[in-house]
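All residue numbers for the sequence shown refer to our numbering, where the first residue is 12 and numbers rise by one. See below for the structure under consideration.
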Amino acid sequence: MYTTSQPILARNLEMGDSSNGERNKSLEMADSGARIEDLKYLYASNVNVSNFVSEKLSGHRKYHVWKAQMVCLMETQKMHGIVDPKFVGPEAQDADIVKQYDNLLRVPAAMFYPIYQLICLFILVLLYPFIVLYFLLWKVLATVVAPIKLVEKKKKDYKEAKEILKLVCDHIDRLGFSGSHHPCYSRPILEAACQGAYEVVDEILFRFPKAIDCKNQNGLNIIQLAVINRSEKVYNLIYHIVERKDFYRTVMDSSKNNILHLAGRLSPSPYITEENIFKETPEMVFTREHEKLVKEGEKWMKSTAESCSITAALITTIVFAAAITVPGGSNQETGIPMFKGTIPFTIFAVSDAISLFASTTALLVFLSILTARFSEQDFLVSLPRRLIIGLCTLFLSTTMMMIAFSATLFLVFVDQRNWMLAPIGGLTCLPIAVFVTLQFPLVVDLFRSTYFPIFGKQSYIERGKFNPNNIQYFFGNRGIEYVLE
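This is the structure we're talking about:
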């Protein structure tokens with residue numbers, strides 16, 4: 012409500028007319044007259060400035076642009092009188108002007124909302140064909156390419172298996188068993204720990220936390236079975252429920268083997284030197300159990316290094332000869348190449364040099380593999396790292412060699428016909444794509460097994476259902492006890 016109408020209303024109330032109808036009529040006329048009178052000083056103050064002023068006053072450099080936009084805004088909205096006292100506002104001639112002026116305040120919002128809807132609809136129409144094409148492409152690929160269809164089938168089978176698991180567990184829960192050892196969960200959770208089915212272990216522990224106390228006929232619990240069968244996902248799942256995680260390493264089986272004996276892998280003292288009843292340390296167990304695997308790994312590593320070293324030596328010979336006999340020949344008097352200064356010749360020179368250096372590096376790395384001692388510790392980091400470096404440098408040298416050869420073809424045979432660049436580039440990518448397809452999975456497996464641990468925090472642990480806080484380990488005179496909160 013306008014503030015100038017208040018004195019008029021007060022004067023009308025003090026007059027004290029005898030008739031209530033006449034008093035109300037006079038009040039309405041006074042209020043309308045005041046609003047019309049004050050319209051010359053009334054200006055729009057609830058306009059969305061961001062729709063008109065795009066520049067923020069954040070510094071001296073932006074002041075002039077901001078000032079120009081603000082002046083335009085005030086002139087279009089009849090607000091110039093706020094900063095200019097000489098400005099004469101619109102004179103009201105009729106009470107209908109008040110209604111028209113109030114309607115003008117709603118124009119910006121009503122004007123921009125349909126535009127916003129049209130923009131959203133336009134974006135949706137543009138993206139709809141791509142969305143449909145995406146789903147159709149995947150369906151066609153799943154039908155034509157067998158591996159994609161197989162992956163889709165496996166995902167479907169996995170979802171159905173999880174649904175069956177939930178239905179079975181629901182049926183078992185309806186039996187209403189309340190003892191410490193559930194007869195329907197004991198064998199399945201032990202078998203799941205052996206097979207690495209962490210989803211089954213998670214579901215059973217979620218429904219029956221006491222199942223973690225289950226042991227097989229040999230006295231092995233879930234953690235020990237997971238270590239023996241190399242079920243790292245089950246191990247990671249169970250590992251996070253242990254209250255004091257160092258104590259579980261003292262768990263012994265009937266042959267006095269701790270978990271490190273079962274794992275057969277190196278670990279900090281004093282467990283690394285602890286002996287079982289056969290006077291074997293974990294390192295001795297590991298050496299004995301992996302003796303055949305070490306010999307097979309040495310044989311495979313040597314054969315791979317020999318094959319790759321032959322390839323690297325051939326590439327070194329080719330690119331070294333190409334560096335001496337440049338395409339197009341050289342000037343007989345000065346010895347400067349004929350195509351010096353052209354872009355294809357620059358590409359040839361750079362690619363040939365990179366290929367020569369990379370192939371030489373790969374050759375030396377593969378020779379270092381052939382001369383290694385192939386001990387157990389070397390298979391952990393040293394040999395895989397050398398093989399990764401050798402394969403990567405060999406791939407780089409092969410790629411640069413093909414680029415240098417393509418640049419030579421373009422210089423000698425194309426004769427400024429630029430359309431020949433497309434088929435040459437396509438044919439160049441063919442051997443590179445073959446090499447990447449065959450060798451890239453090996454490099455990824457080597458890198459993952461060498462530099463990424465299999466134990467620790469994994470994504471599937473965060474999706475687990477059971478609460479680790481409901482299960483606690485503590486060790487006493489009676490061995491391992493499980494307390495349910």
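Just so it is clear, CB atoms sit at the ideal spot from N, CA and C, and this is done for glycine as well.
Residue i, DSSP secondary structure in three states
i, result
"lysine 267", "coil"
"asparagine 247", "helix"
"lysine 167", "helix"
"lysine 150", "helix"
"glutamate 387", "coil"
"tyrosine 74", "helix"
"histidine 272", "helix"
"lysine 226", "coil"
"valine 445", "helix"
"arginine 185", "coil"
"leucine 176", "helix"
"leucine 407", "helix"
"phenylalanine 350", "coil"
"tyrosine 139", "helix"
"phenylalanine 219", "coil"
"alanine 208", "coil"
"threonine 322", "helix"
"valine 155", "helix"
"cysteine 195", "coil"
"serine 242", "coil"
"valine 361", "helix"
Rounded straight-line distance, which links the Cα of residue j to that of residue i
i, j, result
"tyrosine 52", "alanine 79", "Low confidence applies here, because tyrosine 52 scores a pLDDT of 43, under 50, leaving its location unreliable; read the following figure in that light. Roughly 23 Å separates the two Cα atoms."
"arginine 384", "glutamine 235", "33 Å"
"aspartate 363", "serine 408", "9 Å"
"lysine 166", "leucine 152", "16 Å"
"leucine 325", "phenylalanine 146", "46 Å"
"tyrosine 250", "isoleucine 233", "10 Å"
"glutamate 171", "valine 143", "27 Å"
"glycine 334", "leucine 381", "The residue you asked about is not glycine; residue 334 is alanine in the sequence shown. Straight-line Cα distance between these residues: approximately 29 Å."
"isoleucine 354", "tyrosine 246", "58 Å"
"isoleucine 134", "leucine 148", "21 Å"
"leucine 424", "leucine 438", "The sequence as given places phenylalanine at residue 424; leucine does not occur at that position. Cα-Cα distance, rounded: 15 Å."
"lysine 290", "serine 266", "11 Å"
"lysine 503", "lysine 160", "No statement about residue 503 is possible, as the shown extent of the chain runs from 12 to 496 and does not include it."
"phenylalanine 141", "leucine 132", "15 Å"
"glutamate 286", "leucine 176", "41 Å"
"serine 379", "alanine 323", "14 Å"
"tyrosine 209", "lysine 244", "6 Å"
Reference residue i, options the options, closest by Cα
i, options, result
"threonine 298", "Cys131, Phe188 and Glu387", "Glu387"
"tyrosine 169", "Leu148, Ser242, Phe463 and Val211", "Val211"
"phenylalanine 446", "Ile134, Ser379, Cys319 and Leu381", "Cys319"
"methionine 431", "Arg218, Cys180, Pro293 and Ser417", "Ser417"
"serine 189", "Lys221, Lys267 and Val143", "Lys221"
"phenylalanine 356", "Glu344, Val337 and Gly207", "Val337"
"leucine 271", "Leu248, Ile249 and Met295", "Met295"
"threonine 292", "Phe359, Leu129 and Asn268", "Asn268"
"phenylalanine 458", "Gly437, Leu391 and Gly436", "Leu391"
"proline 442", "Arg241, Ile354, Pro452 and Phe406", "Phe406"
"lysine 173", "Asp213, His193 and Met85", "Asp213"
"isoleucine 321", "Phe359, Ala373, Asn287 and Val361", "Ala373"
"threonine 461", "Phe451, Leu449 and Arg397", "Arg397"
"alanine 274", "Gln128, Val361, Gly187 and Asn240", "Asn240"
"tryptophan 311", "Lys244, Ile288 and Leu394", "Leu394"
"glutamate 202", "Glu302, Met263, Leu231 and Tyr139", "Leu231"
Burial state of residue i, where buried means 16 or more other Cβ atoms lie within 10 Å
i, result
"threonine 419", "buried"
"cysteine 440", "exposed"
"proline 434", "exposed"
"glutamate 300", "exposed"
"lysine 351", "exposed"
"aspartate 9", "Residue 9 lies beyond the range of the chain shown here (12 to 496); nothing can be said about it."
"phenylalanine 219", "buried"
"glycine 436", "exposed"
"phenylalanine 377", "buried"
"valine 238", "buried"
"cysteine 180", "buried"
"serine 242", "buried"
"histidine 182", "exposed"
"isoleucine 215", "buried"
"valine 82", "exposed"
"histidine 192", "exposed"
"alanine 444", "exposed"
"leucine 422", "buried"
Residue i at chain C interface by Cβ criterion, 8 Å
i, result
"valine 392", "In summary, chain C is missing from the structure at hand, where a single protein chain is found."
For the stretch 194 to 202 against the stretch 222 to 233, are there 3 or more C-beta pairs whose distance is under 8 Å?
Three or more Cβ pairs drawn from the stretch 194 to 202 and the stretch 222 to 233 lie within less than 8 Å of each other, which places the two stretches in contact.
Please confirm if the stretch 327 to 338 is in contact with the stretch 403 to 417, defined as three or more CB-CB distances below 8 Å between the two stretches.
Three or more beta-carbon pairs separated by less than 8 Å link the stretch 327 to 338 to the stretch 403 to 417, which places the two stretches in contact.
Any chance the stretch 299 to 308 sits against the stretch 363 to 371, with 3 or more Cβ pairs inside 8 Å?
Too few Cβ pairs lie closer than 8 Å, so no.
Touch check for the stretch 389 to 406 and the stretch 310 to 318: three-plus C-beta pairs under 8 Å?
Segment contact: the stretch 389 to 406 against the stretch 310 to 318, three or more CB-CB distances shorter than 8 Å; contact assigned.
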